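Q:
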Amino acid sequence: AQEAELVASESENVRNGLLSNYARLTEENVEHQRAMEEVHLEKDKMVTEFEMSQQEMTHMQSQRDQLTQQLQRKGLDIVELERKLDDLNDRLVSQQNLLHSANSDRQRLQDE
-17 AQEAELVASE
-7 SENVRNGLLS
3 NYARLTEENV
13 EHQRAMEEVH
23 LEKDKMVTEF
33 EMSQQEMTHM
43 QSQRDQLTQQ
53 LQRKGLDIVE
63 LERKLDDLND
73 RLVSQQNLLH
83 SANSDRQRLQ
93 DE
């Protein structure tokens, strides 16, 4: 009887130890699950922020490309304006030379 009581007591102690370990492991598992959920939420947040940053970068690259094209067009416009200005200056010099020549001829005729 005493031996049976001893076995029953040991069995109860082992059972209590197993239940205690099970409870502790279950609690740790719940904490681990919460931590994993927080990690997943943080990961999702970071992925969203990264995607938004990529969209913003793509938008900025598009703006840069548009501005570059505008600058190139303006540069071409400036080159064309400079060519026209040079042409007009050449024509003006020619006209001034013609006018000067005509004035010289008129003056010479008046002097004769």
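If you're matching positions, the sequence shown starts at -17 in our numbering and goes up one per residue.
Ideal placement from N, C-alpha and C gives every residue a C-beta, glycine not left out.
The structure displayed is predicted, hence computed values, not measured ones.
Helix, strand or coil for residue 64? Go by DSSP, reduced to three states.
A: Residue 64 sits at position 82 when you count from the first residue of the sequence shown. Helix at residue 64.
Q: I need the DSSP call for residue 84, collapsed to helix, strand or coil.
A: For this step, residue 84 is matched to residue 102 along the sequence shown. DSSP places residue 84 in helix when its eight states are reduced to three.
Q: What's the gap between the Cα of residue -9 and the Cα of residue 5?
A: Locating residue -9 in the sequence shown gives position 9, where the first residue counts as 1. Locating residue 5 in the sequence shown gives position 23, where the first residue counts as 1. Each residue's alpha carbon lies about 21 Å from the other.
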